[in-house]
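Numbering follows our numbering, with no gaps: position 74 of the sequence shown is 1002. From the three backbone atoms N, C-alpha and C, an ideal C-beta is built for every residue, glycine too.
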Amino acid sequence: MDLTALYQSIILDHNRRPRNFRELADADRRTEGRNPLCGDELTVWVKMSDDRIDDVTFMGSGCAISKASASMMTTAVKGKTRSEATALFERFHDLVTGSVSARVEDPALGQLAAFSGVSRFPMRVKCASLAWHALKAALGGDASAVSTERL
Ligand code: ZN
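Now the structure itself:
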């Protein structure tokens, strides 16, 4: 199996069986994200324990990229501190926007490397980063909705 096929299968798997796909009853932060260009809509719930992300979940509807990205975001940042999660978002953002500083083999990215192909499709960057923008707003204490068209 080549790398592209492997990445595709990871994304399809997370789209079909999204992880942490539920409402979080005892969340202390909740943010809605919208990507009008594609029609992706999701809600992210976060429960903090001091400075650490104790639990994070999402629900919503949208394309396979947005859903798989949200699913993988929740598994990637659970247990991380606010600054660790923010740093990971920056690396992920570099990856999907094709920034020269991005390295697919960056071990910190893990399975998130599956989104490296997104950088070739500018329309898809917003799909892949929607859940992360919602997370960032939630971590920043901004409970209002985020839209990719205002970022
Ligand atoms: Zn989308």
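Three-state secondary structure (DSSP) of residue i
| i | result |
| --- | --- |
| Thr1002 | helix |
| Ser1027 | coil |
| Leu1040 | helix |
| Asp930 | coil |
| Asp1022 | helix |
| Glu1033 | coil |
Closest residue to residue i among the options (Cα-Cα distance)
| i | options | result |
| --- | --- | --- |
| Ser994 | Leu931, Cys966, Trp973 and Leu1016 | Cys966 |
| Phe1017 | Ala1062, Ala996 and Asp983 | Ala1062 |
| Asp1022 | Ala1041, Arg1010 and Glu1012 | Ala1041 |
| Asp968 | Lys1054, Thr1025 and Ser1011 | Lys1054 |
| Ala1066 | Asp1034, Phe949, Leu1037 and Thr1002 | Thr1002 |
| Ser961 | Lys1008, Thr932, Gly1026 and Phe986 | Looking at the sequence shown, residue 961 is not Ser but Gly. Among Lys1008, Thr932, Gly1026 and Phe986, the Cα nearest to that of Gly961 is on Phe986. |
| Glu1012 | Gly1026, Ala992, Ile981 and Thr1025 | Ile981 |
| Leu1058 | Cys991, Ala933, Glu1033 and Ile938 | Cys991 |
Where the alpha helix (DSSP H) containing residue i begins and where it ends
| i | result |
| --- | --- |
| Leu1067 | Pro1050 to Leu1067 |
Residues bridged to residue i (per DSSP)
| i | result |
| --- | --- |
| Ser1075 | Arg962 |
- Task: May I have a chain-ordered list of the alpha helix (DSSP H) segments no shorter than 4 residues that lie completely inside the segment 933-1010?
- Result: 992-1005
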